[in-house]
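To start, the structure itself, in C-alpha cells.
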Amino acid sequence: MASILYLLLPLLILMTISSVSNGQGPPSPGYYPSSRINSIGFDQAFRNLWGPQHQRVDQGTLTVWLDSSSGSGFKSLHSYRSGYFGASIKLQPGYTAGVITSLYLSNNQDHPGNHDEVDIEFLGTIPGKPYTLQTNVYIRGSGDGRLIGRELRFHLWFDPTQDFHHYAVLWSPSELIFFVDDVPIRRYPRKSDATFPLRPMYLYGSIWDASSWATEEGRYKADYKYQPFVGQYRNFKIAGCTADGPSGCHPPPASPSGSGVLSQQQVAAMQWVQRNYLVYNYCYDPKRDHTEIPEC
Numbered sequence: 001m002a003s004i005l006y007l008l009l010p011l012l013i014l015m016t017i018s019s020v021s022n023g024q025g026p027p028s029p030g031y032y033p034s035s036r037i038n039s040i041g042f043d044q045a046f047r048n049l050w051g052p053q054h055q056r057v058d059q060g061t062l063t064v065w066l067d068s069s070s071g072s073g074f075k076s077l078h079s080y081r082s083g084y085f086g087a088s089i090k091l092q093p094g095y096t097a098g099v100i101t102s103l104y105l106s107n108n109q110d111h112p113g114n115h116d117e118v119d120i121e122f123l124g125t126i127p128g129k130p131y132t133l134q135t136n137v138y139i140r141g142s143g144d145g146r147l148i149g150r151e152l153r154f155h156l157w158f159d160p161t162q163d164f165h166h167y168a169v170l171w172s173p174s175e176l177i178f179f180v181d182d183v184p185i186r187r188y189p190r191k192s193d194a195t196f197p198l199r200p201m202y203l204y205g206s207i208w209d210a211s212s213w214a215t216e217e218g219r220y221k222a223d224y225k226y227q228p229f230v231g232q233y234r235n236f237k238i239a240g241c242t243a244d245g246p247s248g249c250h251p252p253p254a255s256p257s258g259s260g261v262l263s264q265q266q267v268a269a270m271q272w273v274q275r276n277y278l279v280y281n282y283c284y285d286p287k288r289d290h291t292e293i294p295e296c
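Numbering (the UniProt record's numbering), first residue to last: 1 to 296.
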C-alpha cells in the first residue's frame, strides 16, 4: 500500500496544485482597459426599448426583471462602428433555467433579416450547476434558420451571483476581444469581410425567456414559480466611434502597446481561461457544417 501511495503522490500533488490554481482565478493580464474608460450613467447613454414596467434605475444601478407577463430590454442612444462596450453585471442565484441576461451589439433593427450581432449572454441554470457565459458572433444573420452562430461558451472562475463583475467586448476594425474583469477570454480576428461585422451597431441589454434552447439545449425551461428573474447592471462603459463620427476616430487600445495585439501576458491569461473554463467551441463541433464557418 505504501508503495502505491508513493507512486500516486506526484499525481495527487499535481491535482492539488491545479485545483488551488483554478480556485485562485486567472493570472493577471497586466493591462486593464476598463480602468482607462470613465463610467457613464444609464440615462446618459441608453433608453428603454421594451418592458418599461420591468426596469428601474436606483443609485446608478439598473435592475431589469422577467416574469410571466414580460421581460425588459434597453438600447444605446447612438450606433457605433467600433469601440469598447462594457458593464458590471450581477446575476440571480437559484433556479434561472431558460432565462437569458445579456449585453450585446446589434443592428437587427436597421437590417431586419440580415443583421450583425456580437453577444455576451448568460444562460440560466438550475441549482447546483454553474451559469454559462456564451459569447457569439453573427454575420448578416436572420434568425429564421439561416443564422450561423459562432458560439464559445465558458463557465466562470467565480460565482457571478455573489457580486458585480465587469463584462465587455472591444470591437476594432481588425478583431473582437471579449473580456471578463479585464481578462481577455476570446479573440475573434477579422479573417475576411464575409466573416466579420463591419456595419454600425447599437449596444443593447435585456432579460428574456429563451426556454427553447438556453439551458442544456432546452431541457430545462423557465419556471415562473421562481419569478421574478432579476438582472442588475451598473458601471456602464462606452468608448466608441459613433456611426456618424469623424473618420479618424479609433477605438481604445486592447493592450499596453497601444495596438490591437494582445501582450504575451494577456495571451497567457486568455489561454488559462480557455484551458480551464471553455466548455464549447463551435469550431470543434462535429455537428456543424464547417463550410459555413470558414474562419475555423
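We treat Cβ as the ideally placed atom computed from N, Cα and C, and that holds for glycine.
On a predicted model such as this, the values are computed, not experimentally measured, just so you know.
- Rounded to the nearest angstrom, the gap between the Cα atoms of H111 and Q24 is 43 Å.
- Secondary structure remark: continuous beta strand (DSSP E) runs of at least 3 residues inside the region 26-77, in chain order: 46-50, 55-58, 61-66.
- Only residues of its own chain outside the window of five on either side were considered, and among them P33, S259, G260 have a CB closer than 8 Å to the CB of P253, listed in chain order.
- Residue environment: T132 is assigned as buried (16 or more neighbouring CB atoms within 10 Å of its CB, all protein chains considered).
- A194 counts as exposed, since fewer than 16 other C-beta atoms from the protein chains shown sit within 10 angstroms of its C-beta.
- Note that the region 165-185 touches the region 86-101; at least 3 beta-carbon pairs, one per stretch, sit closer than 8 Å.
- V267: not part of any beta strand (DSSP E); member of the alpha helix (DSSP H) spanning 264-277, first to last residue.
- When DSSP states are grouped into helix, strand and coil, Y131 belongs to the coil group.
- In the three-state DSSP reduction, E121 falls in the strand class (E or B).
- The three-state reading of DSSP puts K225 in helix, counting H, G and I together.
- DSSP places Y284 within a helical segment (H, G or I) once states are collapsed to three.
- Per the Cβ contact rule, the region 73-80 is in contact with the region 196-207 (3 or more Cβ pairs under 8 Å).
- Nearest C-alpha to L123 among V64, H54, S211: S211.
- One alpha carbon belongs to Y31, the other to D223, and they sit about 41 Å apart.
- Y284 counts as exposed, since fewer than 16 other beta carbons sit within 10 angstroms of its beta carbon.
- Inclusion of F179 and L278 in the CB contact set at 8 Å is not warranted, their separation being larger than that value.
- Secondary structure of A243 (DSSP, three-state): coil.
- The continuous beta strand (DSSP E) containing Y167 extends over residues 165-171.
- Secondary structure note for G205: its beta strand (DSSP E) is the uninterrupted segment 201-209.
- Secondary structure note for L176: its beta strand (DSSP E) is the uninterrupted segment 175-180.
- When the Cα atoms are used, I139 and I293 turn out to be separated by approximately 11 Å.
- The region 44-61 makes no contact with the region 240-250, as fewer than three CB pairs between them are under 8 Å.
- About 7 Å separates the beta carbon of W50 from that of S72, a gap short enough to meet the 8 Å contact definition.
- Spatial neighbours of P256 in its own chain (CB-CB distance under 8 Å, excluding positions within 5 residues in sequence) are listed in chain order as G30, Y31, S263.
- K90 has Q232 as its beta-bridge partners, per DSSP.
- Taking 8 Å as the cut-off, the Cβ atoms of N281 and L105 do not count as close.
- Assigned with DSSP and collapsed to three states, T195 falls in helix.
- In this structure, the beta-carbon distance from V230 to Q92 falls below 8 Å.
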